[in-house]
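Novice:
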Amino acid sequence: MKALEVRNISKMFPGNLANDNISFSVEKGEIFAIVGENGAGKSTLMNIIYGIYTPTAGEIYVNEQKARIRSAEDAIQLHMGMVHQEFMLIPRFTVAQNIVVGDEPRKGIFFDYTRAVREVKELSDKVSLTVDATAITGDLPVGIQQRVEILKVLRRGAEILIFDEPTAVLTPEETQELFVTMRKLQSQGKTILFISHKLKEVMDIADRIAVLRRGKLQGIVNKKDTNEEELARMMVGRNVVLEIPKVEASVGPVAFSCHDLRVKNARGMETVKDVSFDVRGGEIVGIAGVQGNGQDELVNAMIGFTRPTSGSMELNGKSMRLVTTAELRRQGMSYITEDRARRGLVMPYTVRDNSVMGQHLNAPFSKGLRMDYNKIAEFAEGKVKEYDIRPGDVLDTAGSLSGGNQQKLILARELSLPHNFLIASQPTRGLDVGATEFVYRKLLEEKKSGKAILLISLELSEILGLSDRILVMFEGHIVGETTPDKTTEEALGLLMLGVGVDRKVVS
Amino acid sequence: MSESNGTNKFLKAFGIDSQSRRRRDPLNVWVPLISIGLALVVGMIVIAVSGRNPFRAYALLFGDSGLIPGGSAWPREFAELLIKSAMYIATGLAIALAFKGGLFNIGAEGQFWVGAIVATFFGYWSPVAGAFGSMATALGSMAWIAQLLHGAICIILGMLAGGAWAAFAGFLYVKRGVNIVIGTIMLNWIAWFLITNWLVTGPMTPPTQTFTSGTYYVADTAKLFRIMMPTRLNTSIILVLLAAYATWFLLYKTTIGYEIRAIGHTANIGMEAPRAQGINVNRRIVQMMFFSGCLAALGGCFFILGMQYQFPNTATMGYGWTGIGVALIGQSEPIGVVLAGLFIGALRTGATSMQVANIPKTFSNIIEGLAVGFIALQVAVRYYLVKFLQRRRAHADPPAEQEAAA
């Protein structure tokens, strides 16, 4: 039986056909993946199915009945449920409270918490998804929070579950656990729509895969009849070199070094412990590690956001003690952040205004106190062409660009600053294949021109493909140093999880 | 052709040229207009419910607001409108500037009065007043130079004091994490009680007068020029328009404004983006508060040097509070603040004559409050406006796919 069918769905936004005549059907009990680059129309399509957007044309059938879905409430009535990329959970609530919120068991007019806990326990036993019903949600790891979100959807009677990029926030192990969960749900007869741009994961979990490109359905393939390369070709419409070419560059003097660095996080816990390393011109030093092992705090200390509690850092031979971010940037530090929305760009600002932030005090962008927006627009237009930032109008706000184009804008800005040391913190997070390839190319160009690069990444293939030297960070320590030719993804993975690390060193 | 080139050059000299124009959101204009319209409609209902004739009330309110020329009373009403509006625009600009930087400077009230008292002091203090007095005598027919200089000194010192008062709240915010709303509101009361309970009734009161009479009067040389005799219209409206222009220029043409707006856009997410790009966020916040306080204090200077000529013991708070509404209706844009200030000024001017016809003055306050209330609901107004426009567009040209399907 077809659990869900969409026929000829189109969605027109002003100046942008986000979905162009899309039709497919999903069998009951199937895991159906929808892949595509950022901005290919995946989220639009899901939002149409879930009733958040009204399609410009087309029809939706649920259980072979024509459905009128005008709102998320309609979708829930039809036993659909969406597990959002960013969880809609209240951190201070317990797991049980979060799962029942909006449809709480009552005793008279009062909330019956005991029954809520009991119901949640029954539900989690029934679908064999283990959670601690009385734990405070905010204290749980992200993977468990996602499980809470899934339970919440199941409690409302969802038979069709939509997962919108569920793995974006997960560590590799949590991703594997999620897949176990998804298979469990499948075995219980649930239908799953899985949206992703990570081909490896899709090949792991899906039964059938639909590929979207620029709003059009490129094709639907069976998992067993395809492979990653074919999917990548369908997604971007050309052969993508996922292999990273080797670039040789002569190693120059030390650009950045730190010694016995200790840094505390916002809650006062020491999360960087006795870290020492240096980065030389013409080399890429990769820091591998599972998220939350001190990488963020290390970067914060390096860019002058927090002060280390002890140890020292030097940029181009000068001590960085008590130096401001502005001064570091003047002395040649550039910084690509994974957090484009908060840290990378001022989203309501235009492409033009974002393109010079940090060098806006330099000629020719300003003279004395006065900004020269004409010169800035010229500069921005040049960068938009050079980096192929789309849609290409410098008066568009940064927030209106897709993730890949936002990252291109950040690259354009950071690489045009006078610099010899570049911090690239998860530079391809959330990017599609095309944009990822672009970032790799730019980083290698940087290396070739003799810049020193520190690459922090959770993606092992990225670390192995780009780095000249690899440092592994675990619980705040550097627990290993190696080179790509002396290690493998498996060996690095074990080191990242602390396997084989001398426990005495770590504690 | 050559004429338009000349105009372009002229505009360019003031920083207005087509190349650097921003893309504007037409809703920024429609939302305040619709909110005012809704306020007027609901205001009518309120008046009608209270058993009075709303049309007569509005006829009196707007007829005597100074907005509509004509009648023998018009020049006086027009003058009153502009005098009042100048002060509201000043405090409105102060709050709008801080809004642009992501802060709610609710302390414009206190900064207004700090500016007023400092302007009063330098207006009458004999070393200054005496010097300009003798200068005026010496200059004879050129005495206006002395008046210009003395007035300018009073205004500049008043503005600096108001700016410093606000910058202190900014300093507490960046260095000690004191919430800007709490900090400025505390400083409001400190300023108000220091001034009214001590300075105005103590050290700044002439010994020969009773304690209820307020401070010394400022010297003639400190007073603002009158520009439309016999009304008391003075140069305050011109000065405040210059201030609005300066605020616009600061925000949209200078490096400081670029940084302030970047800070404002990211204020609720920790201002990390500007900080990571090397902007000194703390310094800019203190500077922005200083400029904001200067603007509010300018209004206080108008109050003294243009209207009262002393700090009266009967002064009541409200100019800074009104500025909040002005900034909100004006959508925090300098030009919008000017228009909103004129609107509020008109309501306040017309209210007095409405009272003559036995319609309580508070009705104009109700309309004002409603307008601000509808502005506060602007998310809703925007939502329905967009929906309405979409529906109209859908009716105007149905999508091709639907036609084809049919």
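Same order as they appear, the protein sequences are chains G and L.
The numbering of the first sequence is the working numbering, which starts it at 1 and goes up by one.
The numbering of the second sequence is the working numbering, which starts it at 1001 and goes up by one.
The beta-carbon is built from N, C-alpha and C at its ideal position, and this holds for glycine as well.
If we cut at 8 Å on Cβ distances, does G:S366 have a partner in chain L?
Specialist: At least one chain L Cβ lies under 8 Å of G:S366.
Novice: Please report the straight-line C-alpha distance between G:V6 and G:F24, rounded to a whole angstrom.
Specialist: If I take the Cα positions, the gap works out to 6 Å.
Novice: Which residues does DSSP list as the beta-bridge partners of G:R147?
Specialist: Partner(s): none; G:R147 has no beta bridge.
Novice: From G:D260 to G:R429, what does the alpha carbon distance come to, in whole angstroms?
Specialist: Cα to Cα, G:D260 sits roughly 29 Å from G:R429.
Novice: Taking the beta strand (DSSP E) that G:T271 falls in, what are its first and last residues?
Specialist: That run of the beta strand (DSSP E) goes 270–280.
Novice: For chain L, is any of its Cβ atoms less than 8 Å away from the one on G:V384?
Specialist: Not one chain L Cβ lies under 8 Å of G:V384.
Novice: For the 8 Å Cβ check, are there 3 or more pairs between the segment 1300–1312 of chain L and the segment 1104–1123 of chain L?
Specialist: Segments in contact, yes.
Novice: Between L:I1285 and G:H360, what straight-line distance do the alpha-carbon atoms span, to the nearest angstrom?
Specialist: Approximately 18 Å, taken between the alpha carbons.
Novice: Entirely within the segment 161–203 of chain G and at least 4 residues each: give me those alpha helix (DSSP H) ranges in chain order.
Specialist: If we require 4 residues or more, the alpha helix (DSSP H) runs fully inside the segment 161–203 of chain G come out as 172–187.
Novice: In the structure shown, what three-state DSSP assignment does L:E1401 receive?
Specialist: Legend: pLDDT at L:E1401 = 38, less than 50; position of this residue unreliable, value from coordinates given subsequently. Note: L:E1401 maps to helix in three-state DSSP.
Novice: From the DSSP output, which residues share a beta bridge with L:I1036?
Specialist: Note: L:I1036 sits in no beta bridge, so no partner.
Novice: Classify L:A1129 as buried or exposed, calling it buried when 16 or more other Cβ atoms lie within 10 Å of its own Cβ.
Specialist: L:A1129 comes out buried.
Novice: CA-CA distance, L:A1086 and L:G1330?
Specialist: The alpha-carbon atoms of L:A1086 and L:G1330 are separated by roughly 14 Å.
Novice: Given that a residue counts as buried once 16 or more other Cβ atoms are within 10 Å of its Cβ, and exposed if not, what is L:M1354?
Specialist: It counts as buried.
Novice: Can you tell me which residues form a DSSP beta bridge with L:C1294?
Specialist: BP columns for L:C1294 are empty, so no partner.
Novice: Do the segment 1153–1161 of chain L and the segment 1286–1303 of chain L touch if we need at least three Cβ pairs shorter than 8 Å?
Specialist: Segments in contact, yes.
Novice: For chain L, check one thing: does any of its Cβ atoms lie closer than 8 Å to the Cβ of G:L492?
Specialist: So, not an interface residue.
Novice: Classify G:V153 as buried or exposed, calling it buried when 16 or more other Cβ atoms lie within 10 Å of its own Cβ.
Specialist: By the 10 Å Cβ count, G:V153 comes out buried.
Novice: Which whole runs of the alpha helix (DSSP H) in the segment 1164–1215 of chain L are 4 residues long or more, in chain order?
Specialist: Qualifying alpha helix (DSSP H) stretches, in chain order: 1180–1194.
Novice: In whole angstroms, give me the CA-to-CA distance for L:V1218 and L:S1134.
Specialist: Approximately 15 Å, taken between the alpha carbons.
Novice: Is there a Cβ of chain G sitting closer than 8 Å to that of L:P1230, yes or no?
Specialist: Chain G, which has no Cβ nearer than 8 Å to the Cβ of L:P1230, makes this no.
Novice: Three or more C-beta pairs under 8 Å: does that hold for the segment 1245–1259 of chain L against the segment 325–340 of chain G?
Specialist: These segments do not touch.
Novice: Taking three-plus beta-carbon pairs below 8 Å as touching, is the segment 284–303 of chain G in contact with the segment 465–478 of chain G?
Specialist: Short answer: they touch.
Novice: Applying the 10 Å Cβ sphere with the 16-neighbour rule, what's the burial state of L:R1391?
Specialist: Exposed, by the Cβ-count rule.
Novice: Kindly indicate which three-state DSSP category L:G1123 falls into: helix, strand or coil?
Specialist: L:G1123 falls in the helix class under three-state DSSP.
Novice: Tell me the DSSP secondary structure of L:D984 in three-state form.
Specialist: Lying before the first or after the last residue shown, residue 984 of chain L is absent from chain L, which here runs from 1001 to 1406.
Novice: With a 10 Å radius around its C-beta and 16 neighbouring C-beta atoms as the bar for buried, classify L:Y1088 as buried or exposed.
Specialist: Per the 10 Å Cβ criterion, buried.
Novice: Looking at chain L, is there any beta carbon in it that lies within less than 8 Å of the beta carbon of G:F13?
Specialist: Output row for G:F13: interface = no.
Novice: Would you kindly report the start and end of the unbroken beta strand (DSSP E) that includes G:I284?
Specialist: Its beta strand (DSSP E) spans residues 284–288.
Novice: Runs of 4 residues minimum, wholly inside the segment 1039–1093 of chain L: which ones carry the alpha helix (DSSP H) assignment?
Specialist: Taking only runs of at least 4 residues, the alpha helix (DSSP H) segments lying wholly in the segment 1039–1093 of chain L are 1054–1063.
Novice: So the beta strand (DSSP E) G:L4 belongs to, where does it begin and stop?
Specialist: Looking at the DSSP string, the run of the beta strand (DSSP E) that includes G:L4 is 2–13.
Novice: Name the one or two DSSP bridge partners that L:C1154 has.
Specialist: In the DSSP output, where bridge partners are listed per residue, L:C1154 has none listed.
Novice: What three-state label does DSSP hand L:T1114 in the structure shown?
Specialist: Correcting the residue type first, residue 1114 of chain L is Val in the shown sequence and not Thr. Three-state DSSP puts L:V1114 in a helix.
Novice: Listed in chain order, which residues of the segment 1256–1268 of chain L have Cβ atoms closer than 7 Å to some Cβ of chain G?
Specialist: Listed by position along the chain: I1256, Y1258, A1262, H1265, T1266.
Novice: Throw me the rounded Cβ distance for the G:Y349 and L:A1262 pair, which I believe falls under 8 Å.
Specialist: Between L:A1262 and G:Y349 the Cβ distance is about 6 Å, and since that is below 8 Å, they are a contact.
Novice: Apart from the five residues just before and just after G:G399, which ones in its own chain have a Cβ nearer than 7 Å to its Cβ?
Specialist: If we look at G:G399 and ignore the five residues flanking it on each side, its Cβ neighbours are M347, P348.
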